[in-house]
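I have placed the structure first, in the form of structure tokens, so that the comments after it can refer back to it.
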Amino acid sequence: MAENTALETIEVHPITFPPDVLARISPELSLQRHLSLGIRPCLRRYEEFRDITIENNTLSRYVEKDSVDAKNNILGSNILKSGKTVVITSITGGIIEENSASIKDLDDFGEDELYEVTKEEDEIANYASIYPVVEVERGRVGACTDEEMTISQKLYDSVLHSRILPKKALKVKAGVRSVNEDGTFSVLYPDELENDALNETNLKMKRKWSYVLYAKIIVLSRTGPVFDLCWNSLMYALQNVKLPKAFIDERASDLRMTIRTRGRSATIRETYEILCDQTKSLPLMISSQNIAFAANYGVIELDPESQLQNPDNAQEEVDIDMDKSQCILIADLDTEAEEISIHSTISVIASSAGRYKQLTLVGAGAKITPEMIKRSLLLSKVRANDLSARVKK
Numbered sequence: 070m071a072e073n074t075a076l077e078t079i080e081v082h083p084i085t086f087p088p089d090v091l092a093r094i095s096p097e098l099s100l101q102r103h104l105s106l107g108i109r110p111c112l113r114r115y116e117e118f119r120d121i122t123i124e125n126n127t128l129s130r131y132v133e134k135d136s137v138d139a140k141n142n143i144l145g146s147n148i149l150k151s152g153k154t155v156v157i158t159s160i161t162g163g164i165i166e167e168n169s170a171s172i173k174d175l176d177d178f179g180e181d182e183l184y185e186v187t188k189e190e191d192e193i194a195n196y197a198s199i200y201p202v203v204e205v206e207r208g209r210v211g212a213c214t215d216e217e218m219t220i221s222q223k224l225y226d227s228v229l230h231s232r233i234l235p236k237k238a239l240k241v242k243a244g245v246r247s248v249n250e251d252g253t254f255s256v257l258y259p260d261e262l263e264n265d266a267l268n269e270t271n272l273k274m275k276r277k278w279s280y281v282l283y284a285k286i287i288v289l290s291r292t293g294p295v296f297d298l299c300w301n302s303l304m305y306a307l308q309n310v311k312l313p314k315a316f317i318d319e320r321a322s323d324l325r326m327t328i329r330t331r332g333r334s335a336t337i338r339e340t341y342e343i344l345c346d347q348t349k350s351l352p353l354m355i356s357s358q359n360i361a362f363a364a365n366y367g368v369i370e371l372d373p374e375s376q377l378q379n380p381d382n383a384q385e386e387v388d389i390d391m392d393k394s395q396c397i398l399i400a401d402l403d404t405e406a407e408e409i410s411i412h413s414t415i416s417v418i419a420s421s422a423g424r425y426k427q428l429t430l431v432g433a434g435a436k437i438t439p440e441m442i443k444r445s446l447l448l449s450k451v452r453a454n455d456l457s458a459r460v461k462k
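The opening position of the sequence shown corresponds to residue 70 in the working numbering, with each subsequent residue numbered one higher.
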């Protein structure tokens, strides 16, 4: 008996994914479909930035004007929120002793011609930087990632070459604590002297100290590149730093002791600790004209096939050259789809006055044209003008 070989009909139903699921499965396809409609996955326009909110000095020991939190060691802080991402920056400090003083630091320096011969080869030697540590919270514990170390090193180099922190602003003008006749202590600082040349000369120390600054930057709910957010939060925090005044005891200001060993004598200066004043402080004198803010951009090539999915042109016949590509500039990269799919990036650090501190180009994808570079520089200046206006004077 012949078997029945009739074919059965199979129905195939298309599977539809929500936008957030499609962005996880195929980020590039999700991004292309959004761009074909003239918007981005975050529903912003191509050159639209995220709005930010900032809170300055809410974590600092100097948050209260009339009182100081002695248990808090944070000298300046900032909390920056951009979209869903929150960046918390706290700045702490320490004091180190300068082992080798330059010629212009010597009290008995004489001829200016000698300094012209022996001056530093690079002007960068007159500036210092801050030591940042970036932590991108991912909900797990472990060693720092390559991205965190790269961003930390880039922040250090960018602050140094932007010439924001002069070394002279970090010099410690130590005071001297003395005991009064009634047994109470009083501290005399060099900057508090009023036309008293004799006391000012007596307070000059032969040993030099400098402040050193550390920054801890914590990134929460990361949704895209974070270097520009870390940089902007660091700039806000630096403008609110206050350095505590330091002093030493008058008995240790010029304390020496002679040691004899096998007929040889040597004069050794005894070590002593330098203390910080719990109540008095000075604002950090940074180069305000060099304060700049960062912005990032991406360049992506539109897929001609994705443009056919535009529902506005569904009833019309549209002729699109499949071999012709179009590149667009996207400002302030956000969402995982944009970060993964866009490989050609532009990073700019600029001030509101139009001083550009850094320009980084990575051409690993779409072609970056000179027009796009000019456009990104112009947008960065406008962005810096907006961010600088948010600083509370």
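Ideal placement from N, C-alpha and C gives every residue a C-beta, glycine not left out.
Using DSSP's beta-bridge definition, name the partner residues of Thr154. Ser151
Contact belief for Trp278 with Leu224 at Cβ below 8 Å, rounded distance in angstroms: 25 Å between Cβ atoms; not a contact.
Pull up the distance between the alpha-carbon of Gln222 and that of Leu303, whole angstroms please. 14 Å
DSSP three-state label for Asp226, please. helix
In the DSSP assignment, the alpha helix (DSSP H) including Glu204 goes from what residue to what residue? Run containing Glu204: none in the alpha helix (DSSP H); it sits in the beta strand (DSSP E), Tyr200 to Val205.
Taking C-beta to C-beta, are Leu257 and Gly244 nearer than 8 Å? yes
Over the uninterrupted alpha helix (DSSP H) stretch that includes Ile442, give me the two end residues. Pro439 to Ser457
Decide if Met441 is buried, meaning its Cβ has at least 16 other Cβ atoms within 10 Å, or exposed. buried
Which listed residue (Thr154, Thr122, Ala197 and Thr161) has its alpha carbon closest to that of Lys140: Thr161
Considering Asp346, what are the terminal residues of the beta strand (DSSP E) in which it resides? Leu344 to Pro352
C-alpha gap between Thr127 and Glu370, whole angstroms: 43 Å
Can you tell which of Ala315, Arg209, Arg459 and Pro83 has its C-alpha closest to the C-alpha of Ser255? Ala315
Selected residue, minimal CA-CA separation from Lys443, among Arg232, Ser457, Ser416 and Val205: Ser416
Could you tell me whether any Cβ in chain D is nearer than 8 Å to the Cβ of Gly434? No chain D appears in this structure, which consists of one protein chain only.
Based on the DSSP output, what are the partners of Asp318 in its beta bridges? Arg246
Which of the three DSSP states, helix, strand or coil, is assigned to Ser410? helix
For the putative contact between Ser457 and Ser421, defined by C-beta atoms under 8 Å, what is the C-beta separation to the nearest angstrom? 4 Å
Which residues bound the beta strand (DSSP E) around Gln308? Segment: none, Gln308 is in no beta strand (DSSP E) and carries neither H nor E.
In its own chain, which residues sit with a C-beta less than 6 Å from the C-beta of Glu124, not counting the 5 before and 5 after it? Ile148
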